[in-house]
Amino acid sequence: MKKLDKKINRREFVRLSALGAGAAILAACAPKAVETATSLPAAQPTAVPATQAAAASAPTALPAATAAPVAAQQATTITWESWGGADRFTPFIQTFGKTYPDTAKWLTIKAVSGGAQDADMYQQLRVAMAAGGEELPDIFEANLSAVPEFAARGLLPDLSEKMKPFLADLVPGALKVASYKGKIVAIPSQVKSKVWYYRKDLFQNAGIDPAAIKTFDDLIAAGKGFHEKNPDSYIMNLSSQPAAYWYAEILSTWDDVSFADETGKWLVKDNAHVSTMMDWMKQIIDVGIAYKTDDWSSDWQPAVAAGKIGSFLIGSWMTSFIPQFAPDQKDKWGLALWPDFMREGSEAGGSIEGISSFSKNMDAAFEFCSDFWLKPEGAVAWWQLTGLAPVTQSGQDALLKQIPTMQKPADMKDSDWAVAPINYYGKDFMNTIFESMKHVKVFPYDMSFSAELPILQHHTEAYIAGKETLAQALEGTQTDMQSQIGNPYKI
Amino acid sequence: MTVTISMSADKTGIKSQNKLRKKMRGDSLVPYLFISPFLIFFLGLFLGPAFYSLYLSFFRYAGYGASTWVGLGNYLAVLEYPVFWTEIWNTVFYWFAHAVPMMVVAFGLAVLVNSKLVRFKNIFKPLIFMPQIIATVVAALVFQNFFGTQYGILNRILGTEIPWLTDMNLARWVIVALLIWRGLGYWFVIFLAGLTSINPEVMEAATIDGVSVWQRLAYVTIPLMRSSLLFAFVVDGIVTMRLFAEPNVLVGKAGALASVEVAPVVNLVIENIRSARFGMAAATGWSLFILIAAISWFQFRLFQQEEDK
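Residue numbers (my numbering), protein chains in the order written: chain A, 5 to 495; chain B, 22 to 330.
Rendered as structure tokens:
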């Protein structure tokens, strides 16, 4: 009698299954090209020699957005993605509908959450690009630092033609925020200018006039005098781990700051401005004029409420936070421009609304964006919702006309109205913000800024803590950027 | 006729043998069918992506678009990056600094609660386990408020302004305290389960032989608990090597990652992913995997040597 057939060996079964499934998955999941109408680089992971790789991943021509009028009056739904939860969009969409009821009759805007933070949303966009682009939203918000990557990779089309009617009305900073290599690639929605928020009473007590501070030495002297006259307060706060936006705020002061040139040659250690930035931060902390608490730490808000922090050299977005931190300090806070020696620049430039080059509703998407951010009615409505200043001159003029006569909205509580910025700071506070927007300069972000910043932070903090000399910090920054990033203009 | 009968018998025999063979083949397949859902998910959602990430680690790849073969370039870049070694050291520190006291205290509590000395065991068990059911982020936020410099509860009680979370030399110990506080209850339960599984007759025999409490603990209880202890140290080591939430929520601000001085090595993986450097992220992840494997092997060897003794 023949022996029974051998049983399937357990180990063999698992081995064969693993090999088969692994092979299938590898074959299915190999990086593939994102197919668009433009010449995006091919994405098959073959062994590409370095020179060919450089050519393949060089920035390609941007796809031009069509200017032909599509049937924009047909019922259309567009998706709008940003971070922070889709619920955040609800008042925005409702306000858009109230401001432009005729458009709202045919245009539906659907909110899409991009995660908790901007980095999460960018990751979602990359995944959607890798999957072929079908799942990309029509519109997405992005900070300026992300524009080089997405513009170079073909996600942001050339909107120069569409934006022509609005160009003359854009404030200078807005045009910079929305541009990439001479082309307009997005609609600017926010310009983050540098604003100095200060306690008027404490500054008066110390005999300090913000406008009189011209140099770094003036700032140090003012800080010492401030603490002398107000022993329980400091002129500002800064810890040995400065917030990330400090770096862009200071570096954007100068025109000739760039971490590397487009050939991939790193320029950090020989750049005098980078060393000046590191030195300023260290001096402010060592001299003792700063209250040593980090922005957004658990001590920060109570310190503001307790009057420990006399001023903020920060971005214009801080307008809406001080009233929340210290509602009982109404009328005590004033706004000024940053000291002369670092007045120019911005905090991360600003934000844009990008229209995806994969969108099938580009005209509708552009109409929505231009209505909300480029036309005065929409810009004022946006300001009322978010406190963010209009990016157009007509929007700013319309807002200045409306502010003196603004009344409490019907659905707003009295307590909230009391600390609304126009009541908290006084009705002329927007003048300073608009003035600050004239001094906006944009840091020349490359595609790898999100990788460069942690390296810069690490060595700056080491220098502040005395663990590295200035030369070591600069050398270390450049060496690490070189080894970890390579050419920052290629991801 | 005899031939006919024997032929019939042979045919019947062959048929029943075939039936038996089919049945046995079916029986041997059934267990695999039962585990196939797990196998499919394991292969598709874990092993497959893991090998894909190994493959990616040899490329410079942004997650979309072109990828460029760099060979071992990513691994070399990771190994020559000082931040990688700082964060490895941080991670090993967190593992060692929290594992030893946590296991000692958890084991001691389990021995106490299991003994006749402690009454109201059913109250102590859930109390000790309670920190485990609090979400990691919530616990970290509570610790953040507790250890604040100017307005933290601890400094208010002590009347001091100790920079628990801003001086990184102190902040790392706060992170260790958080890890111990959260992890204690879980291992207490594991050790308690191990202790209750020890045959009470063994303990009685030891008592009758005149062994003291400490001798019983050292020479009877702990050896019998070897497998539970090995499990605890190995699993805790693996979990700690993948540490992320506690340091970043406690010390990081407004969603930013913690400073390099206290950051665990997973931060480097996250930073690489966020800056669209998937190849580097994969290389960092696989380097961490090798470290975890080495630590686990070391622990197995250590316990094996103790057992051989």
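We treat Cβ as the ideally placed atom computed from N, Cα and C, and that holds for glycine.
The model shown is predicted, which means the values in this text are computed figures rather than measured ones.
Reduced DSSP category for A:R203 - H, G, I as helix; E, B as strand; rest coil
If DSSP states are grouped into helix, strand and coil, A:R203 belongs with the strands.
Where A:T323 and A:K196 are concerned, what is the direct C-alpha to C-alpha distance, given to the nearest angstrom?
Rounded to the nearest whole angstrom, the C-alpha separation of A:T323 and A:K196 is 11 Å.
A:K312 and A:S237 look like a contact to me (Cβ under 8 Å); what is the Cβ gap, rounded to whole Å?
6 Å between Cβ atoms; contact.
From which residue to which residue does the beta strand (DSSP E) around B:S88 run?
Per DSSP, the unbroken beta strand (DSSP E) holding B:S88 starts and ends at 88-90.
Indicate whether at least one CB of chain B lies closer than 8 Å to the CB of A:P141.
At least 8 Å separates the CB of A:P141 from every CB of chain B.
Answer yes if the segment 50-58 of chain B comes into contact with the segment 415-425 of chain A, meaning at least three C-beta pairs across the two stretches below 8 Å, and no otherwise.
Contact between the segment 415-425 of chain A and the segment 50-58 of chain B is absent: fewer than 3 CB-CB pairs across the two stretches fall below 8 Å.
If we require 4 or more residues per run, which alpha helix (DSSP H) segments fall completely within the segment 197-263 of chain B?
Secondary structure remark: continuous alpha helix (DSSP H) runs of at least 4 residues inside the segment 197-263 of chain B, in chain order: 221-229, 234-237, 247-262.
Can you list the residues of chain A that B:K40 reaches, using a CB-CB cut of under 7 Å?
Near B:K40 there are no residues of chain A at all, since even the closest Cβ is about 12 Å away, more than 7 Å.
Report back the beta-carbon spacing between A:A178 and A:P192 to the nearest angstrom; my notes put them in contact at under 8 Å.
That pair is a contact at about 4 Å.
Closest Cα partner of B:S308 within the set B:F324, B:W185, B:V287
Here the closest residue by C-alpha is B:V287.
Residues of the segment 232-243 of chain A with a CB closer than 9 Å to any CB of chain B: list them in chain order, please.
For the segment 232-243 of chain A, which is checked against every Cβ of chain B, the residues closer than 9 Å are S243.
How would you list, in chain order, the residues of chain B whose beta-carbon sits under 7 Å from the beta-carbon of A:F130?
Note on residue identity: the sequence assigns Arg, not Phe, to residue 130 of chain A. Neighbours of A:R130 on chain B, chain order: A83, G84, Y85, A297.
Using a cut-off of 8 Å between C-beta atoms, extract the partners of B:Y102 located in chain A.
Identification of chain A residues near B:Y102 by a Cβ-Cβ cut-off of 8 Å yields D484, S487, Q488, ordered along the chain.
Which residue marks the beginning of the beta strand (DSSP E) containing A:A134, and which one marks its end?
First-last for A:A134: 122-134, but that is the alpha helix (DSSP H), not the beta strand (DSSP E).
When you compare the CB of A:H462 with every CB in chain B, is at least one pair closer than 8 Å?
With 8 Å as the cut-off, A:H462 counts as an interface residue toward chain B.
With a threshold of 16 other CB atoms inside 10 Å of the CB of B:K274, please say whether the residue is buried or exposed.
A buried status is given to B:K274, since no fewer than 16 other beta-carbon atoms sit within 10 Å of its beta-carbon.
DSSP state of B:R81, grouped into three classes?
Three-state DSSP puts B:R81 in a strand.
Could you tell me whether any Cβ in chain A is nearer than 8 Å to the Cβ of B:Y96?
For B:Y96, no Cβ of chain A is located within less than 8 Å of the residue's own Cβ.
Please list, in chain order, the residues of the segment 145-173 of chain B that have any C-beta partner in chain A closer than 8 Å.
Taking 8 Å as the Cβ-Cβ cut-off against chain A, the residues of the segment 145-173 of chain B that qualify are Q165, N166, G169, T170, Q171, Y172, G173.
Find out if the Cβ-Cβ distance for the pair B:Y172, A:P306 is shorter than 8 Å.
Contact: yes.
Could you confirm whether any beta carbon from chain A is found closer than 8 Å to the beta carbon of B:V281?
Yes, its Cβ sits closer than 8 Å to a Cβ of chain A.
Which same chain residues, not among the five before or five after A:T464, have their C-beta less than 7 Å away from its C-beta?
So the list reads M282, M285, A477, once near-sequence residues are dropped.
For the segment 261-295 of chain B, which residues have a beta carbon sitting closer than 8 Å to at least one beta carbon of chain A?
Here the close residues are K274, A275, G276, A277, L278, S280, V281, E282, E292, N293, I294, R295.
Residues bridged to A:Q194 [DSSP beta-bridge criterion]
Within the DSSP secondary-structure output, A:Q194 pairs in a beta bridge with A:S355.
Quick check for students: name the residue ranges of the alpha helix (DSSP H) that lie wholly in the segment 352-438 of chain A, counting only runs of 4 or more.
Segments of the alpha helix (DSSP H) lying fully in the segment 352-438 of chain A: 366-373, 380-390, 397-406, 418-422, 425-428.
Run of the beta strand (DSSP E) containing A:W3, from where it starts to where it stops
The structure shown has nothing for residue 3 of chain A, since chain A only spans 5 to 495.
For a contact defined as C-beta to C-beta under 9 Å, what are the partners of B:T187 on chain A?
S243, S244, Q245, K296, T297, D298, S301, D303, listed in chain order.
By DSSP's criteria, A:E145 is part of a beta bridge. Which residues make up the other side?
A:E145 is bridged by DSSP to A:E357.
Checking 8 Å against the spacing of the C-beta atoms, do A:G314 and A:N234 come in under that value?
Yes.
Indicate the three-state DSSP secondary structure (helix, strand or coil) for A:W84 in the structure shown.
DSSP places A:W84 within a strand segment (E or B) once states are collapsed to three.
Compare the C-beta of A:E465 against all C-beta atoms of chain B and say whether one is closer than 8 Å.
Under the 8 Å criterion on CB atoms, A:E465 is classed as interfacial with respect to chain B.
Interface positions of the segment 144-157 of chain A facing chain E (Cβ-Cβ less than 9 Å), listed along the chain
Chain labels in this structure do not include chain E; the protein chains are A and B.
Can you find a C-beta in chain B that's less than 8 Å from the C-beta of A:L111?
Not an interface residue.
Buried versus exposed, by CB contacts within 10 Å (16 or more), A:L138
It should be noted that the sequence gives Glu, not Leu, for residue 138 of chain A. Residue burial annotation: A:E138 is exposed, with fewer than 16 other C-beta atoms found within 10 angstroms of its C-beta.
Per the contact definition of three or more C-beta pairs closer than 8 Å, is the segment 364-377 of chain A in contact with the segment 448-464 of chain A?
Verdict: no, contact absent.
Classification of A:E472 by the beta-carbon crowding that lies within 10 angstroms, buried from 16 upward
Label assigned to A:E472: buried.
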